[in-house]
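This report concerns only the one structure given below.
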Ligand code: SF4
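Numbering (the numbering used here), first residue to last: 21 to 265.
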């Protein structure tokens with residue numbers, strides 16, 4: 021579907037969609053959770069996330085860690101995927117496509133065609149959130165350029181280098197410490213704590229660029245580039261192809 025496609029959804033606040041999901045978080049999602057909940061990004065990561073801040077945490081019984089009864093305890097700062105639900109967003113380069121997700125088991129939400137996808141998005145303040153997330157995308161290219169300056173791919177097999185980087189980036193446990201990833205998701209600990217989400221992002225991006233430009237370990241940069249790409253809704257190849265062009 022595109023933004024003109026007929027679509028509407030009435031949420032009946034049953035809380036069923038807040039169970040057993042796999043929800044990827046961007047750096048902006050983590051900042052939004054923190055600002056919405058009046059906590060630091062470090063606390064937001066510890067309480068509500070997995071995989072270094074890039075996945076929303078669900079408890080062993082299937083509930084989202086932020087679910088309080090049938091309500092969202094971080095509603096004001098809820099992640100993009102929760103704002104979009106029950107739509108999913110697929111991005112390929114500059115193109116976007118929306119898909120209606122299957123209803124959660126037991127959900128009482130009602131799908132309809134009383135509006136458009138664009139109207140639904142406007143009601144969830146999605147575009148401003150998406151625009152802030154997209155501001156992180158050029159950082160993937162910056163990191164890839166830095167990798168190209170550090171590594172001689174004539175001497176190192178590129179496919180194996182990137183295979184290892186992807187595997188490490190997507191590891192949920194037992195991952196190596198990565199200072200760039202820590203800075204990507206924990207903006208506040210990196211000296212970028214500001215009152216609003218937009219002001220935090222504005223301080224965060226130049227700090228991350230600076231960090232990436234001065235990093236001397238290509239593997240650290242590659243792992244961070246892959247996880248950033250995935251967290252923004254792109255595939256790992258977004259980082260790999262940026263390094264090859
Ligand atoms: S963050 Fe809130 S809206 Fe999203 S799954 Fe968790 S409880 Fe539900």
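Glycine residues also receive a C-beta, built at the ideal position from the N, C-alpha and C atoms.
Distance, residue j Cα to residue i Cα
| i | j | result |
| --- | --- | --- |
| residue 218 | residue 210 | 16 Å |
| residue 201 | residue 73 | 9 Å |
| residue 204 | residue 40 | 26 Å |
| residue 85 | residue 173 | 43 Å |
| residue 106 | residue 29 | 8 Å |
| residue 76 | residue 104 | 15 Å |
| residue 115 | residue 196 | 34 Å |
| residue 82 | residue 120 | 22 Å |
| residue 229 | residue 132 | 44 Å |
| residue 32 | residue 69 | 26 Å |
| residue 182 | residue 226 | 26 Å |
| residue 253 | residue 94 | 21 Å |
| residue 212 | residue 140 | 32 Å |
| residue 63 | residue 178 | 37 Å |
| residue 160 | residue 258 | 8 Å |
Minimum C-alpha distance to residue i - residue among the options
| i | options | result |
| --- | --- | --- |
| residue 58 | 34, 260 and 216 | 216 |
| residue 136 | 252, 250, 253 and 23 | 23 |
| residue 207 | 168, 53, 25 and 76 | 53 |
| residue 242 | 254, 260 and 154 | 260 |
| residue 117 | 250, 21 and 180 | 21 |
| residue 101 | 175, 114 and 153 | 153 |
| residue 249 | 224, 235, 185 and 212 | 185 |
| residue 166 | 238, 143, 178 and 121 | 238 |
| residue 164 | 109, 199 and 246 | 246 |
| residue 146 | 178, 96, 78 and 159 | 96 |
| residue 98 | 26, 114, 46 and 191 | 46 |
| residue 224 | 160, 180, 252 and 156 | 156 |
| residue 125 | 256, 25, 37 and 230 | 37 |
| residue 220 | 190, 187, 50 and 35 | 50 |
| residue 55 | 214, 44, 254 and 138 | 214 |
| residue 87 | 25, 34 and 158 | 34 |
| residue 240 | 179, 251, 189 and 65 | 189 |
| residue 48 | 112, 60, 65 and 149 | 149 |
| residue 256 | 187, 65 and 198 | 187 |
| residue 109 | 158, 44 and 89 | 44 |
| residue 79 | 244, 25 and 42 | 42 |
DSSP state of residue i mapped onto helix, strand, coil
| i | result |
| --- | --- |
| residue 110 | strand |
| residue 69 | strand |
| residue 49 | helix |
| residue 82 | coil |
| residue 4 | There is no way to answer for residue 4, as the model of the chain reaches only from 21 to 265. |
| residue 5 | Only positions 21 to 265 of the chain appear in this structure, which leaves residue 5 out of reach. |
| residue 187 | helix |
| residue 195 | coil |
| residue 207 | coil |
| residue 74 | coil |
| residue 31 | coil |
| residue 92 | strand |
| residue 249 | helix |
| residue 54 | helix |
Residue i: CB within 7 Å of a non-hydrogen atom of ligand 3
| i | result |
| --- | --- |
| residue 163 | Within the structure as shown, ligand 3 is missing, the only ligands being ligand 1. |
Legend entry - Residue list, Cβ distance to ligand 1 heavy atoms smaller than 5 Å: 38, 84, 86, 87, 92, 98 and 102
Legend entry - Whole alpha helix (DSSP H) elements within the segment 106 to 177, 4-residue minimum: 137 to 143, 146 to 154 and 157 to 170
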